[in-house]
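Student: What follows is a structure written as structure tokens; I'll ask about it next.
Shown next, in the form of structure tokens:
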């Protein structure tokens, strides 16, 4: 009976997290049928056993201590597994971000270079043609140079 109650609590916890309250009852009955099949019982036998154990509070309390310990152990295991998975995902995400940042910085550098070339070309077009400034690097014009 302890294993049946344990599975029922697992299902109840899952359903309460996933399904809205109104549809939880419909979904729960399907899961409960799976539990009954797993333990080769039916809902009547489960109810009868639960009634029997509820009249023996010492035995029921002992069962629930075991069930509670198992649920805590399962929770601890799942949290550890989730933590490991989270670390793996975060590491993968940080690598993706580094690669993206590098690609972005390369693209930004190329854009800056292209922009500066365009600015130089535009600046050359504005300069008056003379033998001094043809095929030379651009030198900023100041009042002193005129």
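Residue numbers (the working numbering): 1 to 146. The beta-carbon is built from N, C-alpha and C at its ideal position, and this holds for glycine as well.
1) Using a Cβ-Cβ cut-off of 8 Å, state whether residue 31 counts as contacting chain C.
2) On the three-state DSSP scale, how would you describe residue 32?
3) Given a threshold of 16 other Cβ atoms within 10 Å of its Cβ, counted over all protein chains shown, does residue 18 qualify as buried or as exposed?
4) Taking three-plus beta-carbon pairs below 8 Å as touching, is the stretch 78–91 in contact with the stretch 31–47?
5) What's the C-alpha gap between residue 6 and residue 23?
6) Going straight from the alpha carbon of residue 67 to that of residue 2, what length do you get?
7) Using the Cα positions of residue 172 and residue 95, report the straight-line distance between them to the nearest angstrom.
8) What is the rounded straight-line gap between the Cα of residue 97 and the Cα of residue 71?
9) Just checking my contact of residue 11 with residue 28 at CB under 8 Å: how many whole Å lie between their CB atoms?
10) Measuring only the C-alpha atoms, how far is residue 35 from residue 80?
Tutor: Result, derived from the coordinates:
1) Among the chains in the structure shown there is no chain C, since it carries only a single protein chain.
2) helix
3) exposed
4) no
5) 22 Å
6) 7 Å
7) What the structure shows of the chain is the stretch from 1 to 146, and residue 172 is not part of that stretch, so it cannot be assessed.
8) 38 Å
9) 7 Å
10) 26 Å
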